[in-house]
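Peer 1: I have a structure here, written as C-alpha cells, and I will follow up with some questions on it.
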Amino acid sequence: MKKRILLSAITVCFLNSCAEPELESNLDSELSDKKEQNRKPFASNYSAMSSNLTLIKDANIYDGIGNVYLNYDVLFDEGNIINIDKDIEVENATTYHSDNKWLTPGIIDIHSHMGVYPAPGVRTSSDGNEATDPITAEVWAEHSVWTQDPQFTLALKGGVTAFHVLPGSANLMGGRGATFKNVPRNTIHDMKFPNAPHSLKMACGENPKRVYGNRGQAPSTRMGNMAGFRKAWIRAENYKKLQAEYYEKSPSARELLDPPMRDLQLDTLAGVLDGNILVQNHCYRADEMAMMIEMSHEFNYQITAFHHAVEAYKIADLLADEGICGALWADWWGFKHEAYDMVPANIAIVDQARGGTGCAIVHSDDEVGIQHLNQEAAKALIAGIRAGYDISKARAMRWITSNPAIAAGIFDQTGSIEVGKDADLVIWSGDPFSVYSIAEKVFIDGALAYDYFKDSSQPVTDFDLGILNPTSERIVQ
Amino acid sequence: MKKIIFLALISVSFIQAESILITSGTILDGSGKNPFKADILIDGARIIEISSGINESRADRLIDASDKIVTPGLISPISNIGVVEINALDVTTDDESSIYGPGFSIFYAFNPNSTLIPWNKSNGVTSAISTPGYSNEIFKGMGSYFLLDGKYDITGLQDIAMYARIGNVQGSRSENIQLMESMLLLAQKLNSDNISELLDDNLASSFGLLEQDIIALNKVAMRELPIVIEVNRAADILQALRLKKIFNLDMILMSVEEAPLIIQQIKDSGVPVIIDPMDNIPNSFDELASDIKLGGILDKNGIKVMFSTQRSHNYHLMRQGAGNAVAHGMSYKNAIRGMTLTVAETFKLKDRGQIKKGNYADIVIWTEDPLEQMSYPLSVLINGEIQDLTTRSDRLTERYTDTNDLPKAYIH
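These protein sequences, in sequence, are chains A and B.
Per the numbering used here, numbering of the first sequence is gapless, rising by one per residue and ending at 475.
Per the numbering used here, numbering of the second sequence is gapless, rising by one per residue and ending at 674.
Here it is, written out as C-alpha cells:
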C-alpha cells in the first residue's frame, strides 16, 4: 500500500503496472532512497495524538463488519486495537466503563466538502469547484482545504473519525479527492490519512452540462459529457504510452533524452488507469451509470463508487457484479430532475444485491448530514426492512463504517473493530440508530479526540475562538 | 416478488362520511399533555368522542392502534409542497413572482397531484403551509395552508401569512429594515387614503408596488395577517422586534440561529419561532452562534417552537429535527406540540393540530415514538378519511425488486 501511494502522485508512477513487476521494484528502491531524505510533497505527515493503554469495559459492540458483541471489552494501545474479549484484565490502562453503552467504529464519510466549502459559506472561501474547464483533473481538493473549518469539529461530535474530501461536481473530471483523519491540525498534511489513495472526482449528468452549456461551451448535453470524458481518457492513454516509452529505455539511453514533459492533469488520469487513484463518480441516473461502466471497460479502469446514485436500485445487480459501491443518501430527492426517482430502500437494495454482496454506503455530501450519519442509516435500514429485506442493525452499521472505508481505500487501517485496526472508536449514549443517541466519546488512533462531558476534550478551531465575544468561544458548551 | 407492505391499502377513497373508531392507541394529543390511552371515535370529518371503551358498534370501521402511538397529523409551517416539483427545473416551480412583491399569493399554483403530497403524507404530514421561495425581495409574498388530501377541491386557507427576511444582502441590511418600515407606514395609510394616491407615492413607484402589494401590507400593518420574518443575527432579531413594537405586528420569527444571545428579549416579545434544529452550521456571518442546542434553549425559556427542515421535498423530516432538539435539551412534549398544535395556534388553523373532541380528524398512527427515525405511519387520516399511503417510490421499489424476467416496463 505504501509503495502504491508513493508512486501514484509522480510522473514515473506509470511504470507501476501489473505487467512490469521488475521495473516496479527497481523504481521503488530508487525512490525509497530519496524518501529517506525528504517527505514527498503533499504526502501525509499525520501523527496520532498522544494516548495511553486504554480499556473500554462492558460495551455492546457493532464491529462494523456485520457482527454484534454484547458486553465485551476492547483494549487499545499505541493507536491500535490489541484485544477484543470478555472481561479483559489489564493493569495501568486508562479505563472507561461503558455500562453496556454502544461502541462502534468511527464513522466515515466518503463524500464530504468540508474544508473546500467551509463555513461560513462565503464567496471568499468557496474553493470546491474549479469551474473554469470541464476537465480539471489537475486540481487537488486538499490544496483548497481550510484547516480551521468549524465543520470538522461538528462532524467529530457526530462520531466522524475520517472523511474523504472531494472537489465539487461542476466538472466532468473535477480533480483529486483526499482522505483525512478528523483531527484538528494546522496543516493539511498533518490531517491527511496516512497511506490513503487519492481519488478522481468525476461527474455525469446535469451539473457539467448545465455549468458549461450555460456558457455556450461543451458539454451542453449528456452526449457531450461522454465525449468529454472519452477525449480525456484517450489523452491519458497516450500520455501513459509516452512515459512508458521513455522509462522503458536503459538508464544510459535515458541520459541522452529529455524526459517527457510532466502534465499534472494527465498524471491524475494515468494514475486512475494504473489503478492507483480511485474513481469517485457523481452520477444519479441508472442509464448514465451503465454508460459510465461501459466507458470504464473501454479504457480499462475501475469505478470505485457511484455517488448520490438516486437510481442505483435500478442497476443494483450490475453494481454488485462490477464491484462498485453505491454512496447514497437515505432520502434526498427532487432538487434536480435526475434525482426524481428516489426510493428510500435504495441503500438496502444496493446492499442486498446478488445475495448480499453489494456495497452500500450512506454518505452525506452535507455539513449537517455528516453529523448524523447514524440517523441516516436508521432511515435507510427501516426502508429496507419495509421493502421486505431481512437486514440487521449490525449489517446496517457497515454502511457508515467498513463500506466507506473500503471505498476510500483505507479499510486495511480503519472502518471496523478488529484487532490490529486503528483505534478509531465511538461510544454512544444509547442505540446508535436512535435519534436521541449522541456520541459521548470519540477516539482517533486511540487518543480521546472528543468527550461530550469534558470541555477540555472538545476541540475549538481558530475560527470559533473569540468571534462573537472575545472572552468566549463561538459555541458555549 | 418482494413484499411491499401497503398498510393503508384498506383505504377506499369513495367511502366518505363514515364513522371510524381508533381503539387502544397511546395518544399524544398535540397539546403537550402526557400520553394517555383511549379510543377515538370519528364521524365524518371530525372527532366526536375520546374515551376508553367506546362501543365498537358505533363505528363503520375499526382501526386497532394498541401498542401504537397516535398523534395529530403533522403540520409543516413552511414548505413548498404543491408549488415546487423539481427545484432546479424552473418550469416546475411556482414559488416566485417577478411582478408582485408582498401581494404575491402562491395559492393558485397549488397542484394536488404533486408527488410531494403522497410522499410527505405517507410520512405523517397531513397539512402544510406552502410559501413563496427564496428571493432577495424584502417581502416575498404570502403563504397558504393546504390539506394534503390530494383533492382537486382544495381544502385550505388562502394567504394566511406574509413572509419576509432581514439579514445578509448585497446592499445594506439597514436599508432593508428602513424600507420595510417605510412600506408598512405607506400601507397603513390605506386606512385613510385612496389606493391610487398610495400607488403614486414615490416609494410605491420606485419599488413597483401594485394594488395587491399595498393591500397585503396593509393587512400586515393592521394585524390581520401574521408576518414571518427569517432572521438570524442577534442585532437583526432585535430590529425585527422593534418593528413588531412600532406596528404591533403579529410576528413569527424564523431561523433565529443567534436567538440564545438575546433570549430574554425574544421571550419578552412573546413571538413564536420556526427553527431548523439540525442546522448548527455557521453558514454565514449572521449565524455565528448557530448551535444544536437552539431548540432546547428556546424551549427552556418558554418560547413556542416550530420546526422547518432544509431538505427539499422531505418536510416530514421536521420530526428528525424535533428528535435532535430533544436529544439536545428540548422537552419531548413541546417537540410534538411544535409539529402540531403550536403550528395550528400560531397560524390560526381552526380545529386542527390537536386530537380533541370536535376537531377535524387529521390523525397519524405510528409504529413507535414518532421522533425515532425507524418509526413510520401505519395509518393516516385527513378530515376523517383514511388515506391511501402508496407513493411513487413504493411503485418504483416494487418494480425494481420484482424478480420476474419481464422488462421492467411490463411490471406494473
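Beta carbons are placed, not taken as given, at the ideal position from N, Cα and C, and that holds for glycine.
#1: Measure how close the beta-carbons of D429 (chain A) and K439 (chain A) come, nearest whole angstrom, since I'm counting them as under 8 Å.
#2: Would you call I428 (chain B) buried or exposed, if buried means 16 or more other Cβ atoms sit within 10 Å of its Cβ?
#3: Would you please state the rounded distance, in angstroms, between the beta carbons of P182 (chain A) and P457 (chain A)? I believe it to be under 8 Å.
#4: Taking the straight line between their C-alpha atoms, what separation do you get for D410 (chain A) and T159 (chain A)?
#5: Counting only C-beta atoms, is A211 (chain B) closer than 9 Å to chain A at any point?
#6: Hey, how far is the Cα of L371 (chain A) from the Cα of N58 (chain A)?
#7: To the nearest angstrom, how far is the alpha carbon of K566 (chain B) from that of Q526 (chain B)?
#8: Go through its chain and collect everything with a Cβ distance to I465 (chain A)'s Cβ below 7 Å, but skip five positions before and after it.
#9: With a threshold of 9 Å between beta-carbons, can H674 (chain B) be considered close to chain A, or not?
#10: Is the number of C-beta pairs between the segment 470 to 477 of chain B and the segment 486 to 493 of chain B that are closer than 8 Å three or more?
#11: Could you pull the DSSP bridge partners for N372 (chain A) from this structure?
#12: Return the CA-CA distance between M171 (chain A) and P132 (chain A), expressed in angstroms with no decimal places.
#13: Against chain A, with Cβ distances strictly below 9 Å, would P334 (chain B) count as a contact?
#14: Bridge partners for P132 (chain A) per DSSP, in chain order?
#15: Could you tell me the alpha carbon to alpha carbon distance between T285 (chain B) and R323 (chain B), rounded to whole angstroms?
#16: To which residues of the same chain is L240 (chain A) closer than 6 Å at the C-beta, ignoring the five residues directly before and after it?
#17: For a contact defined as C-beta to C-beta under 9 Å, what are the partners of A376 (chain A) on chain B?
#18: Assuming F369 (chain B) and Q420 (chain B) are in contact, meaning their beta carbons sit under 8 Å apart, how far apart are those beta carbons, in whole angstroms?
#19: Tell me where the beta strand (DSSP E) around R308 (chain B) begins and ends.
#20: In angstroms, rounded to a whole number, what distance separates the CA positions of D291 (chain B) and A300 (chain B)?
#21: Do you know whose CA, among B:R485, B:I391, B:I282 and B:G294, lies nearest L603 (chain B)'s CA?
#22: Could you tell me whether any Cβ in chain A is nearer than 9 Å to the Cβ of N576 (chain B)?
#23: What three-state label does DSSP hand T608 (chain B) in the structure shown?
#24: Indicate whether I347 (chain A) and C323 (chain A) have their beta-carbon atoms separated by less than 9 Å.
#25: Using a C-beta cutoff of 9 Å, does R472 (chain A) count as contacting chain B?
#26: Show which residues of chain B have a CB atom less than 7 Å away from the CB atom of P118 (chain A).
#27: Would you say I348 (chain B) and F333 (chain A) are within 9 Å of each other, going by their C-beta atoms?
#28: Taking a contact to mean a Cβ-Cβ separation below 9 Å, would you say T151 (chain A) touches D422 (chain A) in this structure?
#29: What alpha helix (DSSP H) runs, 4 residues minimum, are completely inside the segment 227 to 262 of chain A?
#30: Establish whether the CB of W496 (chain A) and some CB of chain B are separated by less than 9 Å.
#31: So S432 (chain A) contacts chain B; which residues on that side make the cut at Cβ distance below 7 Å?
#32: Between A378 (chain A) and D329 (chain A), what straight-line distance do the alpha-carbon atoms span, to the nearest angstrom?
#33: Cβ atoms of T92 (chain A) and T52 (chain A): under 9 Å apart, would you say?
#34: May I ask you to list, following chain order, the residues of the segment 141 to 170 of chain A that have a beta carbon less than 9 Å from some beta carbon of chain B?
#35: So which residues on chain B does A445 (chain A) lean against when the C-beta distance must stay under 9 Å?
#36: Can you confirm whether the segment 442 to 455 of chain B touches the segment 476 to 485 of chain B when touching is taken to mean that 3 or more C-beta pairs between the two stretches lie within less than 8 Å?
Peer 2: This is what the structure gives:
#1: The Cβ separation is near 16 Å, so there is no contact.
#2: With 16 or more Cβ atoms within 10 Å of its Cβ, I428 (chain B) is classed as buried.
#3: Right, the Cβ-Cβ distance comes to about 4 Å (below 8 Å), so this counts as a contact.
#4: Each residue's Cα considered, the two are about 15 Å apart.
#5: One cannot answer for residue 211 (chain B) here, as it falls past the ends of chain B, which runs 263 to 674.
#6: When rounded, the distance between both Cα atoms is 19 Å.
#7: Between K566 (chain B) and Q526 (chain B), the C-alpha separation is close to 14 Å.
#8: Result list for I465 (chain A): R472, in chain order.
#9: It does not; no Cβ of chain A falls within 9 Å.
#10: They do not touch, by the three-pair rule.
#11: Answer by DSSP bridge pairing: none, since N372 (chain A) is not bridged.
#12: Using only the alpha carbons, I get a separation of about 7 Å.
#13: At a cut-off of 9 Å, the C-beta of P334 (chain B) has no neighbouring C-beta in chain A.
#14: Here P132 (chain A) is not bridged, per DSSP, to any residue.
#15: Taking the Cα positions, T285 (chain B) is about 11 Å away from R323 (chain B).
#16: P258, listed in sequence order.
#17: Per Cβ cutoff of 9 Å: E634, Q635 and M636.
#18: About 4 Å; that satisfies the 8 Å criterion.
#19: Counting along the chain, the beta strand (DSSP E) containing R308 (chain B) begins and ends at R308 to S313.
#20: Straight-line Cα distance between these residues: approximately 11 Å.
#21: Looking at the Cα atoms, B:G294 is the closest of the given residues.
#22: Interface residue, yes.
#23: Shown here, T608 (chain B) sits in a helix according to DSSP, grouped into three states.
#24: Between I347 (chain A) and C323 (chain A), the CB-CB gap reaches or exceeds 9 Å.
#25: Chain B places a beta carbon closer than 9 Å to that of R472 (chain A), counting this residue as a contact.
#26: Neighbours of P118 (chain A) on chain B, chain order: P544, N545, S546 and F547.
#27: Closer than 9 Å, so yes.
#28: It is not a contact, given that the beta carbons lie outside the stated cut-off.
#29: Taking only runs of at least 4 residues, the alpha helix (DSSP H) segments lying wholly in the segment 227 to 262 of chain A are 249 to 253.
#30: Residue 496 (chain A) lies beyond the residue range present for chain A, which begins at -1 and ends at 475; the question has no answer from this structure.
#31: Within chain B, the residues placing a beta-carbon under 7 Å from that of S432 (chain A) are E634, ordered along the chain.
#32: Rounded to whole angstroms, A378 (chain A) to D329 (chain A) spans 8 Å at the Cα level.
#33: Yes, the Cβ-Cβ distance between T52 (chain A) and T92 (chain A) is below 9 Å.
#34: Listed by position, the residues of the segment 141 to 170 of chain A near chain B (Cβ gap below 9 Å) are P148, Q149, L152 and K155.
#35: Close partners of A445 (chain A) in chain B (Cβ separation under 9 Å) are lacking, with about 24 Å as the shortest Cβ gap.
#36: Three or more beta-carbon pairs drawn from the segment 476 to 485 of chain B and the segment 442 to 455 of chain B are found closer than 8 Å, and the two stretches are therefore classed as touching.
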